[in-house]
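Protein chains in written order, with the working numbering: chain A, 10 to 116; chain B, 5 to 126. Just so it is clear, CB atoms sit at the ideal spot from N, CA and C, and this is done for glycine as well. First comes the structure, then the notes that go with it.
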């Protein structure tokens with residue numbers, strides 16, 4: 010199975026900060042990577058597909074980049090409603106696997 | 005609007021089975037694959053497999069093969085996931101999710117059910 014390693018596991022930042030989360034795959038997954046946001050007690054929400062495509066309706070402060078084994082997810086200016094756990098997901102090989110998650114908190 | 009509504013929480017004893025439903029509305033049921041994903045308490049997301057409602061075909065994660073069955077009832081636009089031989093390690097919230105791919109598996113889960121908590125305890 011492809012291992013997806015997210016960093017950091019948790020992050021505390023201030024409103025307005027630029028926040029970056031990384032996701033490293035244990036092997037080349039091309040750009041077959043999605044990012045999800047999960048609020049407590051809620052289902053995940055797809056934010057970014059194919060490493061860098063921002064989903065319709067998702068604020069432009071969210072972005073993604075990368076290919077191969079290294080990917081980044083960025084919030085350009087953190088807002089209070091962005092408090093959530095974020096997961097990367099690879100779909101290059103079965104089984105689909107997710108990163109362990111990054112919990113984002115407001116400082 | 006697209007909605008996936010899952011059945012309610014379940015409490016099961018070890019060795020039992022659980023069957024969760026996922027009622028779809030707001031789109032053509034047969035046109036989009038389903039995935040099932042689970043999340044143990046305080047843990048990350050784990051993919052269990054996909055299901056094609058048009059053909060009834062499946063692809064289960066190896067970890068669950070032999071223990072999971074995904075089915076549907078097209079007359080009521082509902083997908084099901086049954087997991088057998090439950091252990092405490094199966095305690096989790098189980099989600100159904102729609103795949104955005106049009107008649108193919110696209111691996112982008114664009115709509116999710118609200119989740120069903122399954123607790124396995126003696």
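Could you tell me the alpha carbon to alpha carbon distance between residue 97 (chain B) and residue 26 (chain A), rounded to whole angstroms?
Position 93 of the second chain holds residue 97 (chain B). Position 17 of the first chain holds residue 26 (chain A). Rounded to whole angstroms, residue 97 (chain B) to residue 26 (chain A) spans 32 Å at the Cα level.
How is residue 78 (chain A) classed by DSSP in three states: helix, strand or coil?
Position 69 of the first chain holds residue 78 (chain A). Assignment of residue 78 (chain A) by DSSP, reduced to helix, strand and coil, places it in the coil class.
Is there a Cβ of chain A sitting closer than 8 Å to that of residue 40 (chain B), yes or no?
Here residue 40 (chain B) corresponds to residue number 36 of the second chain, with the count starting at 1. It does not: the Cβ of residue 40 (chain B) has no partner Cβ on chain A nearer than 8 Å.
If you count every other CB in all the chains shown that lies within 10 Å of the CB of residue 79 (chain B), and 16 or more means buried, which is it?
Position 75 of the second chain, counting from 1, holds the residue named residue 79 (chain B). Counting of Cβ neighbours within 10 angstroms places residue 79 (chain B) among the exposed residues, the total staying below 16.
What beta strand (DSSP E) runs, 3 residues minimum, are completely inside the segment 41-108 of chain B?
49-56, 61-64, 72-77, 82-87, 96-103
List the endpoints of the continuous beta strand (DSSP E) containing residue 28 (chain B).
Against the second chain, residue 28 (chain B) aligns to sequence position 24. Counting along the chain, the unbroken beta strand (DSSP E) around residue 28 (chain B) starts and ends at 22-29.
So residue 21 (chain A) packs on residue 114 (chain A), CB below 8 Å; how close in whole Å?
Reading the first chain from its first residue, position 12 is the one you call residue 21 (chain A). Reading the first chain from its first residue, position 105 is the one you call residue 114 (chain A). Correct: roughly 5 Å between the Cβ atoms.
Could you name the residues that DSSP lists as bridge partners for residue 15 (chain A)?
Mapped onto the first chain, residue 15 (chain A) falls at position 6. According to DSSP, residue 15 (chain A) bridges with A:32.
Have a look at B:61, B:45, B:81, B:82 and flag the residue whose alpha-carbon is nearest the alpha-carbon of residue 92 (chain B).
Counting from 1 along the second chain, the entry for residue 92 (chain B) is found at position 88. Per the Cα distances, B:45.
Please tell me whether residue 66 (chain A) has its Cβ less than 8 Å away from any Cβ of chain B.
Locating residue 66 (chain A) in the first chain gives position 57, where the first residue counts as 1. Not closer than 8 Å to any Cβ of chain B, the Cβ of residue 66 (chain A) fails to qualify, so no.
Would you kindly work out how many angstroms separate the C-alpha atoms of residue 72 (chain B) and residue 85 (chain B), rounded to a whole number?
Taking the first residue of the second chain as 1, we reach residue 72 (chain B) at position 68. Taking the first residue of the second chain as 1, we reach residue 85 (chain B) at position 81. About 7 Å.
Under three-state DSSP, which class holds residue 37 (chain B)?
Locating residue 37 (chain B) in the second chain gives position 33, counting from the first residue. Under the three-state reduction of DSSP output, residue 37 (chain B) falls in the coil class, being neither helix nor strand.
Any beta-carbon of chain A closer than 8 Å to the one on residue 33 (chain B)?
Taking the first residue of the second chain as position 1, residue 33 (chain B) is located at position 29. So no, residue 33 (chain B) is outside the interface.
What does residue 82 (chain A) touch in chain B if you count any residue whose Cβ is under 9 Å from its own?
Stepping through the first chain from its first residue, residue 82 (chain A) is reached at position 73. The contacting residues do not exist; residue 82 (chain A) stays about 15 Å from chain B at best.
For residue 36 (chain B), return the contacting residues in chain A, with the cut-off set at a CB-CB distance below 9 Å.
As a first step, residue 36 (chain B) must be located in the second chain, where it is residue number 32. Within chain A, no residue comes near residue 36 (chain B); the closest Cβ sits about 14 Å away, beyond 9 Å.
Among B:28, B:18, B:10, B:59, whose alpha-carbon lies nearest the alpha-carbon of residue 124 (chain B)?
Numbered from its first residue, the second chain carries residue 124 (chain B) at position 120. Residue 124 (chain B) has its Cα closest to that of B:18, out of B:28, B:18, B:10, B:59.
I'd like the list of long-range same chain contacts for residue 12 (chain B), defined as Cβ closer than 8 Å, with 5 residues on each side in sequence excluded.
Counting from 1 along the second chain, the entry for residue 12 (chain B) is found at position 8. Take residue 12 (chain B), set aside five residues on each side of it, and the residues of its chain with a beta-carbon closer than 8 Å to its own are 120, in chain order.
On the premise that residue 6 (chain B) lies in contact with residue 31 (chain B), defined as a C-beta separation below 8 Å, what is that separation, rounded to the nearest angstrom?
For the purposes of this step, residue 31 (chain B) is taken as the residue at position 27 of the second chain. For the purposes of this step, residue 6 (chain B) is taken as the residue at position 2 of the second chain. Cβ atoms of residue 31 (chain B) and residue 6 (chain B) come within 8 Å of each other, at about 5 Å.
Of the choices B:82, B:111, B:116, whose alpha-carbon is the least far from that of residue 34 (chain B)?
In the second chain, the residue the question calls residue 34 (chain B) occupies position 30. Among B:82, B:111, B:116, the Cα nearest to that of residue 34 (chain B) belongs to B:82.
Taking 8 Å as the threshold (beta carbon to beta carbon), is residue 55 (chain B) in contact with chain A?
Locating residue 55 (chain B) in the second chain gives position 51, counting from the first residue. Not one chain A Cβ lies under 8 Å of residue 55 (chain B).
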